[in-house]
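> The sequence shown runs -21 to -1, 1 to 331 under mature numbering (1 follows the signal peptide of the UniProt record, and there is no 0). Every residue gets a Cβ at the ideal spot worked out from N, C-alpha and C, and that includes glycine. Note that the structure is predicted; figures quoted are calculated from it, not measured.
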Amino acid sequence: MRVSIATALTTALGLAQVSSGIKILMNNDDGFGGGNIRELYRLLKGAGHDVIIVAPAVQQSGQGGRTDFTTSPNLTAPTQYNIIPAGAPSLGTDPNDSNIWYYNGTPAACTFVALDYVLPNFYPDWTGAPDLFLSGPNYGVNLGAFVYSLSGTLGATYAAIARSIPGIALSASNKALSYKDVTNTSNPATWAATVSFKVVEQFIDNTGPSQPILPLGYGVNVNIPPLTSAELPPVVKTRMTGEAEVDYAAYNETSGLFTWENLRPRAAGVNACYNGDCSLPGETYVVGGGGVSVSVFTIDYDAPSVPYTEMVFEKAASLFEGAGGGDGNGTYKAKRHLTARRELFVGRDLKD
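(1) Do Val33 and Asn6 have their beta-carbon atoms positioned less than 9 Å apart in this structure?
(2) Spatial neighbours of Ala87 within its chain, please: CB distance less than 6 Å, with the 5 preceding and 5 following residues excluded, ordered by chain position.
(3) Who pairs with Lys2 in a beta bridge, going by DSSP?
(4) In whole angstroms, what is the alpha-carbon distance linking Tyr264 and Leu298?
(5) Applying the criterion that 16 or more other CB atoms from any shown protein chain within 10 Å of the CB defines a buried residue, is Glu240 buried or exposed?
(6) What are the complete beta strand (DSSP E) segments, minimum 3 residues, inside the stretch 125 to 208?
(7) Among Gln42, Glu232, Gly187, Gly270, which has the Cα closest to the Cα of Thr217?
(8) Here's the rule I'm using: 16 or more other beta-carbon atoms within 10 Å means buried, otherwise exposed. How should Pro188 be labelled?
(9) Does DSSP put Phe276 in a helix, a strand or coil?
(10) I think Gly12 touches Tyr60, with their Cβ atoms under 8 Å apart; what is that distance to the nearest whole Å?
(11) Determine the DSSP secondary structure at Gly66, reduced to helix, strand or coil.
(12) Along the chain, where does the alpha helix (DSSP H) that runs through residue 386 open and close?
(13) Output the distance between the C-alpha atoms of Thr50 and Thr207, rounded to the nearest integer angstrom.
(14) Looking at the structure shown, is Ala228 part of a helix, part of a strand, or coil, going by DSSP?
(15) Alpha carbon to alpha carbon, how far is Val291 from Gly304? Give it in angstroms, no decimals.
(16) DSSP beta-bridge partners for Ser40?
(17) Quick check on Thr106: buried or exposed, where buried means 16 or more other Cβ atoms within 10 Å of its Cβ?
(18) Is the stretch 88 to 96 touching the stretch 223 to 235, taking contact as three or more C-beta pairs under 8 Å?
(19) Give me the Cβ distance between residue 333 and Arg17, rounded to the nearest whole Å; I'm assuming they're in contact under 8 Å.
(20) Does Gly235 come out as helix, strand or coil in the three-state DSSP assignment?
(21) Should the stretch 34 to 43 be called in touch with the stretch 173 to 193, which here means at least 3 C-beta pairs below 8 Å?
(22) Can you tell me the Cα-Cα spacing of Asp184 and Asp110, whole angstroms?
(23) Where do the ends of the beta strand (DSSP E) carrying Phe11 lie?
(24) Who pairs with Asp104 in a beta bridge, going by DSSP?
(25) In the structure shown, what three-state DSSP assignment does Arg17 receive?
(26) DSSP beta-bridge partners for Glu240?
(27) Cβ of Ser274 within 9 Å of Cβ of Val199?
(28) Measure from the alpha carbon of Ser130 to the alpha carbon of each residue in Ile144, Ala141, Gly115, then state which is nearest.
(29) Is the Cβ-Cβ distance between Pro204 and Val266 less than 9 Å?
Below you can see the structure in the form of structure tokens.
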């Protein structure tokens, strides 16, 4: 199961190498001042890539794909680590780097603000959408399919993928650390960023000059185990839906409050295998054993063409026959929605 990063990713992609810099948009759910994202930003810039960060003004973990835009034009409290004071605009840049932006919204909202406002208005040389979207590295791993609806790291990523931009979510096992406290290269934030950089560079380097980094609608979820150095651990192809955890509401009789705990035995529903290679190990197992997990996912939520799917449709078969708005064959005739169009960073979306 354990293979080198070059073998695992180069073989999987089967693409010619290129070395030129690309346009990368970064985000996370831990805030724009986190050590992890700042260190990965530094490494990517050092490799010659054109990189911009647009990330939450404060920590926004657990927001999933929720798109929450601030209702105030100004910050009502300082940003994390007091980088920006209260009263400053709700959207702005780091005082020391104009390519690092904060926005007082959820991670997914930051993705959209970046694509629809920051890039078109402040980066005219970005004549198209970003070549790649990166989220993280997160503080704490995001393992299993259930975090797809919970994790802000994943939420920011699939918001970009929905806009036809290749996206990679990165999560590490270290604790939160301000970029101000990263004073040397021997620390967990730099280690997490270095391992992330090595994985991301494989996807970049093994992409042809006229080829997108990922196929349309595809994303990658990377999880990194605890590290003691910047050395790359074994890298393993994994499944998101394999030995995955799911939460339950644990009641504390003393406090009268609820918190989350991991369900035991593990829930069968979240680990059911209908798509992909069911022989691949799960992310949770691999990271628990000290490996880096690399899972490939799509944002096509439709059920696969298997007998179970047909059985589900069959239960409502009478509803599909001659239903209003349909053609008698279960085909819905949608009305074309007309709206004003403007130039947005929409990746590979077709424009009419």
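Reading it off the structure:
(1) If you number the sequence shown from 1, residue 6 lands on position 27. If you number the sequence shown from 1, residue 33 lands on position 54. In this structure, Val33 lies closer than 9 Å to Asn6 by Cβ.
(2) The residue given as residue 87 occupies position 108 in the sequence shown. Once the five neighbours on either side are set aside, the close Cβ partners of Ala87 are Gly44, Thr46, Gly134, Ala135, Ala138.
(3) As a position in the sequence shown, residue 2 is number 23, starting the count at 1. Note: Lys2 sits in a beta bridge opposite Asp29.
(4) Looking up residue 264 in the sequence shown gives position 285. Looking up residue 298 in the sequence shown gives position 319. Distance between the alpha carbons of Tyr264 and Leu298 is about 43 Å.
(5) Within the sequence shown, residue 240 is the residue found at index 261, counting from 1. Only exposed fits Glu240, as fewer than 16 other CB atoms lie within 10 angstroms of its CB.
(6) You should have 146 to 151, 197 to 202.
(7) Here residue 217 corresponds to residue number 238 of the sequence shown, with the count starting at 1. The candidate whose alpha carbon is nearest that of Thr217 is Gly270.
(8) The residue given as residue 188 occupies position 209 in the sequence shown. With fewer than 16 Cβ atoms within 10 Å of its Cβ, Pro188 is classed as exposed.
(9) Translated into positions along the sequence shown, residue 276 becomes position 297. DSSP places Phe276 in the strand class (E or B) of the three-state scheme.
(10) Against the sequence shown, residue 12 aligns to sequence position 33. Against the sequence shown, residue 60 aligns to sequence position 81. Yes, Gly12 and Tyr60 are in contact; Cβ-Cβ is about 5 Å, under 8 Å.
(11) To locate residue 66, count along the sequence shown from 1; it is residue 87. The answer is coil: DSSP assigns Gly66 none of H, G, I, E or B.
(12) Outside the shown range of the chain, which is -21 to 331, sits residue 386, and nothing can be said about it.
(13) If you number the sequence shown from 1, residue 50 lands on position 71. If you number the sequence shown from 1, residue 207 lands on position 228. Computed Cα separation, rounded: 42 Å.
(14) Counting from 1 along the sequence shown, the entry for residue 228 is found at position 249. Correct three-state label for Ala228: strand.
(15) Residue 304 sits at position 325 when you count from the first residue of the sequence shown. Residue 291 sits at position 312 when you count from the first residue of the sequence shown. Residue confidence is low: Gly304 scores 48 on pLDDT, short of 50, so the model does not pin down where it sits. No coordinate-derived value is stated.
(16) Mapped onto the sequence shown, residue 40 falls at position 61. The partner list for Ser40 (beta bridge, DSSP) is empty, contrary to what the question assumes.
(17) Here residue 106 refers to the residue found at position 127 of the sequence shown. Under a 10 Å Cβ-count criterion, Thr106 is classified as exposed, with fewer than 16 other Cβ atoms of the shown protein chains found around its own Cβ.
(18) No: the two stretches stay apart, fewer than three of their Cβ pairs being nearer than 8 Å.
(19) Only positions -21 to 331 of the chain appear in this structure, which leaves residue 333 out of reach.
(20) As a first step, residue 235 is located in the sequence shown; it is residue number 256 there, counting from the start. Residue state, collapsed to three classes: coil.
(21) Output reads no: the stretch 173 to 193 does not touch the stretch 34 to 43.
(22) On the sequence shown, position 205 is the one that residue 184 refers to. On the sequence shown, position 131 is the one that residue 110 refers to. Each residue's alpha carbon lies about 13 Å from the other.
(23) By 1-based counting over the sequence shown, the position of residue 11 is 32. First-last for Phe11: undefined, no H or E at that position.
(24) As a position in the sequence shown, residue 104 is number 125, starting the count at 1. Asp104 pairs with nothing; no bridge assigned.
(25) Within the sequence shown, residue 17 is the residue found at index 38, counting from 1. The answer is helix: DSSP assigns Arg17 an H, G or I state.
(26) Within the sequence shown, numbered from 1, the residue matching residue 240 stands at position 261. Partner(s): Tyr227.
(27) Walking along the sequence shown from the start, residue 274 turns up at place 295. Walking along the sequence shown from the start, residue 199 turns up at place 220. Going by C-beta atoms, Ser274 is nearer than 9 Å to Val199.
(28) Locating residue 130 in the sequence shown gives position 151, where the first residue counts as 1. Closest option to Ser130, Cα to Cα, is Gly115.
(29) Here the question's residue 204 lines up with position 225 in the sequence shown. Here the question's residue 266 lines up with position 287 in the sequence shown. Remark: C-beta atoms of Pro204 and Val266 approach each other more closely than 9 Å.
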